[in-house]
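Taking full-length UniProt numbering, the leading residue of the sequence shown gets 1, the next gets one more, and so forth.
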Amino acid sequence: CIVFCKKDNGKKAVSIDTKKGMILLRDTGMCQHEISRKLNVSRTCARQTIRKFTELHTIATKMGAERPFKMTRSQKRAIKLQQLRDDTLSLNDLVRYAQASLNLNISRQTVSRLLREFDLVSYVAPRKPQITHEQRRCRIFWCYKHLSWTETDWSNVIFSDEANFEIVNRNNRIYIRRFRNDLKRHEQFQPRVHRGGGLGIWSYITYNDLGR
């Protein structure tokens, strides 16, 4: 059987080195209570380990005693491929897929651990392409070029901006999963719908007044 110790409000398997330490301390005449305190394990853990060594003369874990895997390798690959086909699928979507297609009753935490095993990370999909290195260079150059402008110079400039309010294309975040080492993972943008109604507002501001 596998021996567990109580640590950090949870059960954690005891290592072989810790079990060997229990036997060595037992041979020195130390009682089980002192052994459990010294090695930071429960008294039950110490008692079971010592009893097993006394009866079987071994502290090795019995083969096949570990908890069996809930999913096979093919089922894990199927869930991974389903995520890769549509990287916007949520954990709940994958749980429903496992129940309907693979006859698996698994939790969101299990799916999340599985995706991390395949190095699939979650992040917010960008809404528009990020500026390139050349664009950043040009913008910095423009800023340095206009550092010496006076207040009179800026008074001849009209600053404008626009905002778009849409019914369908809301500003909700969309989380997607891609491989961590995928260099093109930031090129996955949110799809846009060109119908559904919306309102666009454009305005400007000058040195003297606001736009009407």
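For every residue, glycine included, the Cβ atom is placed at its ideal position computed from N, Cα and C.
- Judged by DSSP secondary structure, S101 falls within the alpha helix (DSSP H) whose first and last residues are 91–101.
- Exclusion of the five residues before and after L91 leaves R108, V111, S112 as the residues of its chain whose Cβ lies within less than 8 angstroms of its Cβ.
- Short of 7 angstroms from the beta carbon of K20, and not among the five residues preceding or following it, lie these beta carbons of its own chain, in chain order: I59.
- Look at A78 here: in three-state DSSP terms it is helix.
- Of the residues D161, R178, D209, the one whose Cα lies closest to the Cα of I201 is D161.
- If you draw a straight line from the Cα of L81 to the Cα of Q130, it comes to about 28 angstroms.
- Residue pairing by DSSP places W202 opposite E162 in a beta bridge.
- Under the DSSP definition of a beta bridge, S122 partners with R177.
- Under the three-state reduction of DSSP, L39 is assigned to helix.
- In this structure, DSSP gives A13 an extended state, which the three-state scheme calls strand.
- In this structure, I106 sits away from K76, with a CB-CB distance that is not shorter than 8 angstroms.
- When the beta-carbon positions are compared, D119 and R180 come within less than 8 angstroms of each other.
- Straight-line spacing of the CA atoms in R37 and R177 works out to 45 angstroms.
- Under the DSSP assignment, C138 falls in the alpha helix (DSSP H) whose first and last residues are 133–145.
- In this structure, A46 is the residue among H33, A46, L114 with its C-alpha nearest to the C-alpha of T18.
- Put simply, of L114, T72, V124 the residue whose alpha carbon is nearest the alpha carbon of N103 is T72.
- Distance from V121 to Y175 at the Cβ level is roughly 10 angstroms; contact not present, criterion being Cβ atoms closer than 8 angstroms.
- Here Y207 is not near W142, since their CB atoms are 8 angstroms or more apart.
- Assignment of L104 by DSSP, reduced to helix, strand and coil, places it in the coil class.
- Looking at the backbone, the Cα of T132 and that of Y144 are separated by about 19 angstroms.
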